[in-house]
Structure formats: C-alpha cells, structure tokens
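These notes concern the structure reproduced below.
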Amino acid sequence: MYLHEIGKVPLLSPEEEAELFRRTRRDDDAARQKLAEANLRLVVQVAKGFTGRGVSFLDLIQEGNIGLIRAVEK
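Here the working numbering = 1-based position in the sequence shown + 2.
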C-alpha cells in the first residue's frame with residue numbers, strides 16, 4: 003500500500019526542485035512537505051540496498067524518512 007501510494011507522487015524537475023528549495027529558505031512549510039514527498043521513492047531505493055543486514059525493510063524506510071525530513075528542514 004505505502005509503495006503504491008508514494009508511486010503516485012510526481013517526480014520534480016530540476017527547476018521545480020530548485021524553486022522549492024528557495025521557498026524552504028523563506029520558511030515555506032508547504033514547499034518542505036512537497037520536497038519530502040517527492041523524495042520518498044529515493045528513501046525506498048536506498049533502503050533496498052541495506053536489506054539483509056538484520057534490520058527490517060520497514061524500519062529502514064522509517065529511519066530513511068526521518069533522515070529525509072531532517073534534511074529538508076535544514
């Protein structure tokens with residue numbers, strides 16, 4: 003279900019991503035949310051590379067999402 007839902011979120015063009023980053027510097031929470039949502043698939047791809055190391059796939063995704071949120075907030 004989660005993987006299906008994040009697949010529906012459109013990818014950002016480089017121009018859209020740059021504009022969203024500019025908006026985050028002006029404390030635009032909607033821009034932060036859109037950046038985070040657009041990069042959830044990246045978190046899943048990175049998590050796949052760490053499977054089989056004693057941590058569940060869902061835990062890897064959860065920790066990756068936390069890291070993504072922290073990165074977007076900076």
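No residue lacks a Cβ here, since even glycine has one placed at the ideal position from N, Cα and C.
Buried or exposed by the 16-neighbour rule on C-beta atoms within 10 Å, applied to residue i
{"i": "L13", "result": "exposed"}
{"i": "I49", "result": "Note on residue identity: the sequence assigns Ala, not Ile, to residue 49. So A49 ends up on the buried side."}
{"i": "K36", "result": "buried"}
{"i": "V74", "result": "buried"}
{"i": "L62", "result": "buried"}
{"i": "T26", "result": "buried"}
{"i": "L5", "result": "exposed"}
Residue i: CB within 6 Å of a non-hydrogen atom of the ligand FMN
{"i": "V57", "result": "Summarising the ligand content, the structure contains no ligands, and the ligand FMN is consequently not present."}
CA-to-CA distance, residue j to residue i, given in whole angstroms
{"i": "L116", "j": "A40", "result": "Limits of the chain in this structure are 3 at one end and 76 at the other, which puts residue 116 out of reach."}
{"i": "E7", "j": "R43", "result": "10 Å"}
{"i": "K76", "j": "E19", "result": "15 Å"}
{"i": "N67", "j": "V45", "result": "7 Å"}
{"i": "G56", "j": "V11", "result": "30 Å"}
Whether residue i touches residue j by CB criterion (7 Å)
{"i": "A32", "j": "L70", "result": "no"}
Where the alpha helix (DSSP H) through residue i begins and ends
{"i": "L22", "result": "16 to 26"}
{"i": "V11", "result": "First-last for V11: undefined, no H or E at that position."}
{"i": "V48", "result": "42 to 50"}
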